[in-house]
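What follows is a short report on a single structure.
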Amino acid sequence: MFRKMMRSTWLWVLVLAGCTTAGFNSMDTEALFGRSVIIEHRADYQSEAAEHYRTEVQPILEQRCVVCHACYDSPCQLKLTSPEGIMRGANGDKVYHGTRLIAAEPTRLGIDAQTTAEWRDKGFHPVLNERTQRADINLSNSLMYQMLSLKHNAEPATGPRLSDDYRLGLNREQSCPTRETFDEYAADNPHAGMPYGLPALNEQEHKTLTNWLASGAAMSAPAPLSKVIQAQVTDWENYLNGDSLKQQLASRYIYEHWFLASLYFSDAPLFKGIEPDTRPEVFFRIVRSYTPPGLPVKVVATRRPYDDPGTARIYYRLVPITESIVAKTHMPYRLNGERMEWLKSLFTTPDYEVGALPSYEPEVASNPFIAFHDLPVKSRYRFMLEESEYIIRGFIKGPVCRGQVALNVIDDHFWAVFVDPDEMDNSDFADFLSEQSNNLRLPGEAESNSGVLTNWLRYSRLHGKYIEAKNQRMLARFPDGKELNLDLIWDGDGHNPNAALTIMRHFDSSTVVKGFVGQAPKTAWVVGYPLLERIHYLLVTEFDVYGNVGHQLMTRLYMDFLRMEGEHNFLTLLPQETRIELANYWYRDASDEVSEYLVNYEENVITDPGIEYLTDDPKRELFQHLETHLKGATRDTYRLASHVAPALLSTLSPLNEITGKPATLMPEISHLMVEHLS
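Numbering (the working numbering), first residue to last: 377 to 1054.
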C-alpha cells in the first residue's frame, strides 16, 4: 500500500514540480501554505514508511549528502545524519569561528536541545515543510527540495575543473537561505544547488528523494534494543553508577575519557589486535543524566563534560547512537566482561581511599591531576595507555570536522611510543605529580572566554616550571644516564598493538593507526602519563569549538609545548650531539618562547643515554631498536612489504622518498590502485 501511494505521489510531483516557486516571495506564506506546525517525521520502526526510509532514502543521503553534513560545523549547521538533524534544520551562524570575541552558545545535536521546537527557539529554520501536509506544498515549502531541484535543473559543469563561481575554501562565506529567501538565492546563485560542487543526483536518486519529500518525508524511529543488548546496557549502567565514593570518582574519570567514544558490545578479546567478526548491532555514547538507570535519560547539557551539573548526584547512561556512522567522528570502543574486569582491576581492587569527591570548580575540574588525585597514577595511566590509539584519536577525530587548532601544530607524519607504566608505579612519582599539580594547570580553567596575553604568559611560565622540575627529577633518577634505555619504553606487554602509533596529517584532518607505518619519520614522540593526560584534557575534554579567539589560540599555543615535550622525550634517548643537531633542525626559525624552552631543556638534560649507537645515523638506529623492542606487539597490517611482491615493492618504495616541493603537488590523500596483470 505504501509503495502504491508513493507511485501516486510521483504523478503529483510531475504535474506540480514545475510551478513550486513562482512568485513565492510576493505572497503571504500562511495564506499560501497554511499555518506553521512542527511535524513529527519519525515513523514507527516497524512501519512500511520507516522501512522505505531506511532502504531507499537513507542510502542516498549517506552516499551523496552526509560526507559534508555530518559534524557540528556542517554547512549551515545542517546535519543530515539522522532524522533529528533533518528535522532540526539549518542555521547560518558559524560554529568554527576562530576570531569571535565572545564565546557562542553551543548547538550540539542531541545535547543542547531535545525537541524541534527548542531548536526553532535557538534560531534553526526548517528544511522540510512544516505547514499544510499536502504533496504540492511538501515540495513548494521544502528548502531541501528547492536545493535539490536547483542542482537538478542547472546546466551540468563541464571541463576538468569547476569554474570560479564555486567557492570551496574553508573560510568561504556561507549562504544559508531560508525557504522565504530561496528565490533570491537561486537567482543570484544558479549553480549553487545541492550537492554543491559535485555531480547532481541521477534521475532515480532525484525521483526517490522528490517522491519521499512530497509524501511527507517520513523517517524511521530507532530500532528497539534486543533483550541481549538491553541486558548488557543494564549491567554497565549498574557498574558505572555504584554508590561508593570510590566508584563515583572512577566513573567520573571514565566518563571524561569516554564521552566521545562509540561504545559497542562484543566478546572479542581486548588488547591483542583482534577485531570482531561482524559489525556491532548498535553503538552507544555515554552521557551524564539527571535520572538513574530505569528512567528515561535526561541529558546534563553542559559546555564541557566536567562542568558543574547543578545537582549533587548525576548518573552515567548509555544512549544508542542513531546517526549515520562517519569516519571523522567514529571512535569505536569495545565493552564486554573482560573490559569490566579490567576496569575493576584498575579502580576497584587497588587499596586506596576517597575521602570526598572533587568539586566542579573550573580550577579543580579542568585539572585531572587535582580532580583525580585519589585514583592510583598507574591505574590512570594504564586506563589510557592500553587504548592509546583511541586516546590519541580523540584530538584527531571528534565532532568538529575542521581540526586546524590541534592539527596545525603536529607534523605530517610521526611515530609515538610510550613510557613503561612500571616507571610510574611508585609513591615518589605520585608525590611528584601532586607537587606539580599547580604547574600542570591547563588553559581550560579560563573557560571559553579567555584572554590571550596575560593567560599565555601565565601558562607558559607554569609549564616552564614543570619542565624544569621534570628535568631535575630525571637527573636524580638517571644520574649517569645508563638506565635511560629502551627498558623505559612500554613493549605492549608483549601483545598490545597500542604500544606504537603512527599519526599522519592531511591538512585539517588526520589519521591514527597502530604500529610503525611508512618510512622513518622526521620526528617522534615518547609519551608518559602526564603528557598523555594533558593532551586529552587540552584538546578533547576542555576544548570548546564555540569558544572565543582567546580560548582557541591558547589551546593551539599550549599544544605547541606538549608536542615539543613529546619530541624532547624522544631526543633524550639519543646522544647529546645528535640531540642538539636535530633540535636545531626541527625548531629552526623558532619564536623566542620556543628558543627559551630549548635552552631550559638543554641546560638540564642528561648527557647521554645508556644505548649503544654504532653508526653515524643514531636516529635511524633508534627507530630500528624501537621496532625490535616492540616486535611482539606491533602488526604488519600497513607494512607495504607484507602485502606486495618484491618486484612491486621496489617500484612503490621510492614514492616514500618524495619530499619537499614535489610532495606538495600531490593531494593530501591519494588512493593508488594496483592492477595485477597476468
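The beta carbon of each residue, even a glycine, is placed where N, CA and C say it ideally should be. Here the structure is a predicted model, which is why all the values come from computation and not from measurement.
Would you tell me roughly how many angstroms separate the C-alpha atoms of residue i and residue j, rounded to the nearest one?
i, j, result
"GLU1003", "VAL793", "10 angstroms"
"ARG679", "GLY820", "12 angstroms"
"TYR800", "PHE808", "The sequence as given places Met at residue 800; Tyr does not occur at that position. Distance between the alpha carbons of MET800 and PHE808 is about 10 angstroms."
"GLY592", "ALA511", "7 angstroms"
"HIS882", "GLY942", "21 angstroms"
"PHE484", "PRO656", "The sequence shown places Arg at residue 484, not Phe. The straight-line gap from Cα to Cα measures roughly 25 angstroms."
"TYR448", "VAL609", "27 angstroms"
"SER620", "ARG661", "24 angstroms"
"MET445", "HIS567", "Going by the sequence as given, residue 445 is His instead of Met. If I take the Cα positions, the gap works out to 19 angstroms."
"ILE690", "LYS720", "21 angstroms"
"ILE462", "LEU454", "7 angstroms"
"TYR709", "SER518", "39 angstroms"
"SER742", "THR917", "8 angstroms"
"GLN522", "MET1042", "37 angstroms"
"ALA479", "TYR682", "18 angstroms"
"GLU438", "LEU838", "47 angstroms"
"ALA876", "PRO598", "38 angstroms"
"ASP643", "ASP993", "45 angstroms"
"THR396", "PRO600", "Note that THR396 has pLDDT 46, beneath the 50 cutoff, so the model's placement of it is unreliable and the number below is only indicative. Those two C-alpha atoms are separated by around 38 angstroms."
"HIS582", "ILE415", "23 angstroms"
"LEU907", "ILE956", "22 angstroms"
"ASP404", "ARG411", "11 angstroms"
"THR899", "GLU651", "30 angstroms"
"ARG555", "GLY1036", "48 angstroms"
"THR586", "LEU524", "9 angstroms"
"THR724", "LYS622", "7 angstroms"
Beta-carbon separation of residue i and residue j under 8 angstroms?
i, j, result
"THR931", "LEU947", "no"
"GLN580", "PRO451", "no"
"LEU504", "ALA590", "no"
"VAL925", "LEU477", "yes"
"ARG715", "LEU818", "no"
"THR698", "PHE892", "no"
"PRO1088", "GLY465", "Residue numbering for the chain in the displayed model covers 377 to 1054; residue 1088 lies beyond these limits and cannot be assessed."
"GLY770", "THR705", "no"
"SER596", "ARG418", "yes"
"HIS528", "ALA563", "no"
"THR667", "VAL673", "yes"
"ASP750", "LEU625", "yes"
"LEU722", "SER764", "no"
In or out: residue i buried (at least 16 other Cβ within 10 Å) or exposed?
i, result
"GLU481", "exposed"
"VAL604", "exposed"
"ALA747", "buried"
"GLU859", "exposed"
"ALA426", "buried"
"GLN848", "exposed"
"SER735", "exposed"
"LEU990", "exposed"
"ASN614", "exposed"
"MET880", "buried"
"ASN874", "buried"
"THR1027", "exposed"
"ASP920", "buried"
"TYR961", "exposed"
Starting from residue i, trace the alpha helix (DSSP H) both ways and give me its first and last residue.
i, result
"PRO696", "Unbroken run through PRO696 is the beta strand (DSSP E), 691 to 696; no alpha helix (DSSP H)."
"ILE662", "Unbroken run through ILE662 is the beta strand (DSSP E), 660 to 665; no alpha helix (DSSP H)."
"VAL925", "925 to 947"
"TYR561", "558 to 564"
"TYR757", "753 to 761"
"VAL609", "603 to 616"
"ARG320", "Since the first and last residues shown for the chain are 377 and 1054, residue 320 lies out of range."
"PHE409", "405 to 409"
"TYR521", "519 to 529"
Which residue comes first and which comes last in the beta strand (DSSP E) that contains residue i?
i, result
"VAL889", "885 to 890"
"LEU711", "708 to 711"
"PHE635", "From DSSP, PHE635 is part of no beta strand (DSSP E); its letter is neither H nor E."
"TRP901", "899 to 903"
Starting from residue i, follow its DSSP beta bridges and name the residues at the other end.
i, result
"THR983", "THR983 pairs with nothing; no bridge assigned."
"THR878", "TRP791, VAL889"
"ARG537", "Partner(s): none; ARG537 has no beta bridge."
"ILE329", "Nothing can be reported for residue 329, as the shown portion of the chain is limited to 377 through 1054."
"HIS501", "ALA466"
"LEU639", "PHE660, TYR709"
"ALA419", "SER596"
"VAL675", "SER665"
Is residue i near the ligand MN, with its Cβ less than 7 angstroms from a heavy atom?
i, result
"GLU859", "Judged by which ligands are present, the structure shown has none, so any question about the ligand MN falls away."
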